[in-house]
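For the sequence shown, our numbering begins at 663 and goes up steadily by one.
What follows is one structure encoded as structure tokens, with my remarks underneath.
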Amino acid sequence: MKKILVSLVFVASFMSVYAQSKAEVISKIYPPNPDPSGIAVSSKNRVFLGFPRHADNHKEFALAELVDNKLIPFPNKDFVYPSTKPYQDWLVSPHGIYMDKNDILWVLDDGKRSGIKEIPLGAAKVVAIDIKTKKILHSVIIPKPVLSDDSHYNDLRVDLSHGEKGTVYIANSGFGERYSLVILDVATGKSREILLNHPTTSPEPGFMGFLEGKPLVYDFKKQTFPSGGADGIALSPDQKKLYWTAITGRKLYSISTEVISNFNTSEQEIEKAVKFEGERPACDGLAEDENGSIYFGAFEQQSIVKRKADGKYELLSHDQENYVWPDGLAYRNGYVYVTLGQWNRLPGFNNGKDLRKPPYLVVKIKSE
């Protein structure tokens, strides 16, 4: 028995070291630079980072490209720093960002600033930027009545197979108790909110999260860790299926893009089309690759976990010291890129004390 135990300890240690050795730190971000969230990577491995203002109403850039380990405001300073211009003319609080197959960078601006309840019209929007020319190709405003101060437009995917110029799918995790998916038609600006406060887009009742050695029970009125509804979102390689997860939950769901891209589909038909894909790690952002695998930032296990197209899971990387809160994920050219924002250490979750420990890391991990 003693030999077996020793062997198990050795194997566990080896697996931990092996997993950790695959992660490469590509950026260490120190204040006054803000805490990163969204991440997107181009076909030529250009890395872009989003810096939202909903948790910290900072005065620095909101979107930047990582060039030679330096953060360069992108596409220009006028567009990414706080401004007195109309809200539709600058990035207020970009959260999720996504790179499509044509190297167009899509930016989801949740429009929310810490300490300000209102999300003004024009602040919440989706912006498409050609990274080669830095030209803004599209700016699609989320209009009322879809726009709500209680919504948190968290992450997005862009389906180029539906709609004249594409269809955008947005996960709304909710600043208040409003959870849903939002659909935008890029060409027409038409919008729709679906699965509003549906069980598949809402926090799972009774959820308990285990963070940095502490069991924490979800309570909307007294939140002790980042929580909410639909958050992580991913698109299948053929763009026929959309996946999503609730940040406060452990279930994976999917739906046909043929169903939700059609604005004539009834809510009842949409609800019937939702498919339960099984359990998964509690997570924040998702990433997907060309083989149909989905990657999860498992915040309880402080790991990056891979779900293959056949539904089987495997550990990709684990780092108990640094993977405090894996947030934004992006896949490109055989690597998974991750921002580590330490969001569970924010003052609002810790009796007013900021427990974050800079630098904020951005890593990339070989996917095998």
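Glycine included, each C-beta is placed from N, C-alpha and C at the ideal position.
| query | result |
| --- | --- |
| Extent of the continuous alpha helix (DSSP H) to which Glu1031 belongs | The chain is shown from 663 up to 1030; residue 1031 falls before or after that span and cannot be answered. |
| Test item: CB-CB of Tyr760 and Arg840 under 9 Å | no |
| Nonlocal neighbours in the same chain, by C-beta distance under 6 Å from Lys1063, ignoring five residues either side | Residue numbering for the chain in the displayed model covers 663 to 1030; residue 1063 lies beyond these limits and cannot be assessed. |
| For Val754, the three-state DSSP class (helix, strand or coil) | coil |
| Three-state secondary structure (DSSP) of Gly959 | strand |
| Cβ-based burial, Arg1018 [other Cβ within 10 Å; buried from 16] | buried |
| C-alpha distance - Arg1032 paired with Val986, whole-angstrom precision | Any answer about residue 1032 is impossible in this case: the structure gives the chain only from 663 up to 1030. |
| Anticipated Cβ contact below 8 Å, Ala833 with Asp811, distance rounded | Wrong, their Cβ atoms sit about 18 Å apart, outside the cutoff. |
| Contact the stretch 696–709 vs the stretch 748–759: 3+ CB pairs below 8 Å | yes |
| Buried versus exposed call for Val1025 [16 or more other C-beta atoms within 10 Å across all chains shown] | buried |
| Whether Ile895 touches Asp946 by CB criterion (9 Å) | no |
| Same chain, Cβ closer than 7 Å to Ala674, five either side skipped, listed in chain order | In this prediction, Ala674 scores a pLDDT of 41, lower than 50, which makes its location untrustworthy; the coordinate-derived value is nonetheless stated afterwards. So the list is empty, once near-sequence residues are dropped. |
| Asn926 in three-state terms, based on DSSP | coil |
| Identity of the residue in Val709, Lys903, Tyr975, Val742 nearest Ala724 by Cα | Val742 |
| Backbone CA spacing between Asn719 and Trp1005 [nearest angstrom] | 14 Å |
| Option nearest Lys690 by Cα separation, candidates Leu977, Leu1023, Val879 | Leu1023 |
| Coarse secondary structure for Ala935, derived from DSSP in three states | helix |
| Val687, buried or exposed, once every other Cβ within 10 Å from all chains shown has been counted against 16 | exposed |
| Supposed contact pair Lys937 and Tyr915 - C-beta distance, whole angstroms, cut 8 Å | 7 Å |
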